[in-house]
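Participant:
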Amino acid sequence: MMEQKRVSKLDRLSKDERQELLNRLHKAQNDLCYVCQEVINLQVHKTDVDHIVALARSGQDEESNWALTHDSCNRSKGTRDLQLQRILHEFRKHVQKYTEADAQGQDRNFTLDEALQELQPERQEIGATIKRDEINISWTQEGEPYTEKYLLLEEPANPPARSFIARIPFVCLHHDHDINPRSIVDLEPMIEEFYNGYPQLQPSLATLTIENDDGRAPILVFDGQHKAAAQLYARRERLFVRVFVNCSLDRLKETNYRAHTKLAQVHFPQLINDRVGADLFIEEFTRFLQVQELAKVSEDTFFGKHVPRIQKSEYKRYFGNFLRYEALTGTAGAEQNIILNFTETVMPRSIRYPLSYDTLQKTFLDVMLFHRAAREPIEQTERYRQTEKENLVRLMNIFVEEVLASGRFSLNLGIRRMEDRLTNDPQSIPDSHLRAYRLCRKPAMVVWVKELKRAIQLLLNTKTRYVHSSWGEKRPLTRLSEKL
Ligand SMILES: [Zn+2]
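The working numbering numbers the first residue of the sequence shown as 242 and each following residue consecutively.
1. Please work out which residues of its chain come closer than 6 angstroms, Cβ to Cβ, to N562, disregarding the five sequence neighbours upstream and downstream, and give them in chain order.
2. Say the cut is 7 angstroms; is the CB of E279 nearer than that to a heavy atom of ligand 1?
3. Whole angstroms is fine: what's the gap from Q361's alpha carbon to A308's?
4. Starting from S299, follow its DSSP beta bridges and name the residues at the other end.
5. Might you give, ordered along the chain, the residues of its own chain that have their beta carbon closer than 7 angstroms to the beta carbon of F541, omitting 5 neighbours on each side?
6. Which stretch, first to last residue, makes up the beta strand (DSSP E) that contains V290?
7. Just to confirm before moving on: does the CB-CB distance between M637 and F611 stay below 8 angstroms?
8. Comparing alpha-carbon positions, which option in E303, K287 and Q358 lies nearest L251?
9. Given L266, which residues of its chain have a CB within under 6 angstroms of its CB, disregarding the five upstream and five downstream residues?
10. Using a Cβ-Cβ cutoff of less than 6 angstroms, which residues in the same chain neighbour E355 once the five nearest sequence positions on both sides are dropped?
11. Identify every run of the alpha helix (DSSP H) within the stretch 355-387, keeping only runs that are complete inside it and at least 4 residues long; order them along the chain.
12. Output yes or no for whether 8 angstroms exceeds the beta carbon distance between D464 and S445.
13. Taking only the alpha-carbon atoms, compute the straight-line gap between R483 and F411 and give it to the nearest angstrom.
14. Could you spell out where the alpha helix (DSSP H) holding L654 opens and where it closes?
15. Closer than 6 angstroms by C-beta to E359: which residues in its own chain qualify, once you throw out the five before and the five after it? Chain order, please.
16. May I ask which residues mark the beginning and end of the beta strand (DSSP E) holding L461?
17. Can you tell which of E341, Q337 and A297 has the C-alpha that lies nearest to the C-alpha of L746?
18. Mind reading off the beta-carbon distance from K603 to V687? Whole number of angstroms is fine, and I expect it under 8 angstroms.
19. With which residues is M404 paired in a DSSP beta bridge?
20. For ligand 1, is there a heavy atom less than 7 angstroms away from the beta-carbon of V276?
21. Quick check on V538: buried or exposed, where buried means 16 or more other Cβ atoms within 10 Å of its Cβ?
22. Give me, in chain order, the residues of the same chain whose beta-carbon lies closer than 7 angstroms to that of N497; leave out the 5 immediate sequence neighbours on both sides.
23. Can you look up R626 in the DSSP assignment and give me helix, strand or coil?
24. I'd like the list of long-range same chain contacts for Q466, defined as Cβ closer than 8 angstroms, with 5 residues on each side in sequence excluded.
25. How many angstroms separate the CA atom of E714 from the CA atom of C413?
26. Within 10 Å of its beta-carbon, does V532 have 16 or more other beta-carbons around it, so buried, or fewer, so exposed?
27. Between which two residues does the beta strand (DSSP E) containing L309 stretch?
28. Considering S554, what are the terminal residues of the alpha helix (DSSP H) in which it resides?
29. Quick one: measure Cβ to Cβ for E375 and L392, integer angstroms, because I've assumed they're closer than 8 angstroms.
30. Verify whether the separation of the beta carbon atoms of L645 and P684 is less than 8 angstroms.
31. Would you tell me roughly how many angstroms separate the C-alpha atoms of I237 and L521, rounded to the nearest one?
32. Which same chain residues end up closer than 8 angstroms to S404 when comparing Cβ atoms and leaving out the 5 residues on each side of it in sequence?
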């Protein structure tokens, strides 16, 4: 903000007056810091007093608008008022709570759902009735019943889609886990924008599926979750949303997937992308298997005969998503994959984890998995794929155990500016950590995983463990006998 900080009465207090003010605020705030809500000990902590609502935002220059904080909690004096800093602090705390509480890679997620749970715990489904081209929605808020009427807009999509545009109270909003279960990152600048009163330029998108008349149903937000969460934190009461009513969810899922891949609109964490693509593949593949004799069809038949030609390249992509997602998160025999515990799956760049999702994909997943559609009968292929998956999980787990686990790689040391830190103080980085870090750099890892593939190929070919010798190249981990 360009505005200069105005002179406040706070700056003109004498030393004694200031001390008395500190004591009064300390008592009024029950000894707690206004920003972080933790105890202030006046004998121990350095403190600060500032405006809750900035003068520039029409806050009063009065004691009722002043608050006491830890000096370290009032980080950007003048530009961000204390109310905003309290909100940002709260947001950081929530992210930390959900992303670090659990070391399991796949559970490390902070989504709109968690934000709503924290800030709007008493959410509800809405009542909805449709009459021709109008929809009535109703809900209750703080004991008061509300009813609003909106025009349903029709769109010549295939199949046809109807939607309405409204400002929906957060108390009626839910997170969509299915179409777009993405997590929320880097929200602070956006929270600040909304806090400072900038409007929401584009509506978020949601679905509403009404099973029966007079039915109650949740409004599920599947796009624009960042602006939704940012406004929730900025304490706005409603979100500007386009709500699709009784639409084909498959079609919306597909549309949304395309927006994030084909049209590459926004950063979409790859693991989430794989999950959504895998869902799309499984749905269609299951439909295909239901009407076929299993002995007579293959993955290849699915792509050649079942999938419409125009959608073939999309389904090939979903297939890749499916293979990766299965290998990473599906159960493979008795073994649970542990490599995700050391992989950044949320942020585009990691500072904590030795592997990025992209590295994992370009190495183990791309090099070791058979990505083409198999020609054998489905039942046989299923066994081969299961073997491949089990071996891949075993292989990745061996790598994790030998190189990363049991404190060999320390998540607290992380990977930030590793070479600088090493130059400054070679003793600060243990050898095992450095070795793990270097083995996990993408350029190195791509090379050694390919070498590893060659070694496996050579070994299994010599022992004639492949169905055809050519499988060593295409399906290095699909072997005949039980042991790798
Ligand atoms: Zn504090």
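Note that CB positions come from ideal geometry on N, CA and C, so glycine has one too.
Nothing here was measured: the structure is a model prediction, and the numbers come from that model.
Facilitator: Result, derived from the coordinates:
1. Within the same chain, N562 has close Cβ partners D515, G518 and A519.
2. yes
3. 25 angstroms
4. Answer is none; S299 lacks a bridge partner.
5. Note on identity: in this sequence residue 541 is Asp, with Phe being the wrong assignment. Closer than 7 angstroms at Cβ, skipping near neighbours: A614, A615 and R616.
6. T288 to H292
7. Result no, Cβ atoms of M637 and F611 do not sit closer than 8 angstroms.
8. E303
9. Within the same chain, and ignoring the five residues on either side of L266 in sequence, the residues whose Cβ sits closer than 6 angstroms to its Cβ are L309.
10. Only Y339 meet the Cβ criterion.
11. Counting whole runs of 4 or more residues, the stretch 355-387 contains no alpha helix (DSSP H) stretch at all.
12. yes
13. 14 angstroms
14. That residue, L654, is in no alpha helix (DSSP H); it is neither H nor E in DSSP.
15. H335
16. I460 to D464
17. Absent from the structure is residue 746, since the part of the chain shown begins at 242 and ends at 725.
18. 6 angstroms
19. Per the sequence shown, the amino acid found at residue 404 is Ser instead of Met. Its beta-bridge partners are L394 and F485.
20. At least one heavy atom of ligand 1 is found less than 7 angstroms from the C-beta of V276.
21. With 16 or more other CB atoms across the displayed protein chains lying within 10 angstroms of its CB, V538 is buried.
22. I420, N421, F463 and D464
23. Helix at R626.
24. T352, L353, H416, N421, R423, I425 and S445
25. 54 angstroms
26. Classification of V532: exposed, given that the 10 Å Cβ count is below 16.
27. W307 to H311
28. K553 to T570
29. Confirmed, about 6 angstroms.
30. no
31. This structure does not reach residue 237, given that the chain is present from 242 up to 725, and the question cannot be answered.
32. Closer than 8 angstroms at the Cβ level, and outside the excluded window around S404, lie L393, L394, E396, R483, V484, F485, V486 and C488.
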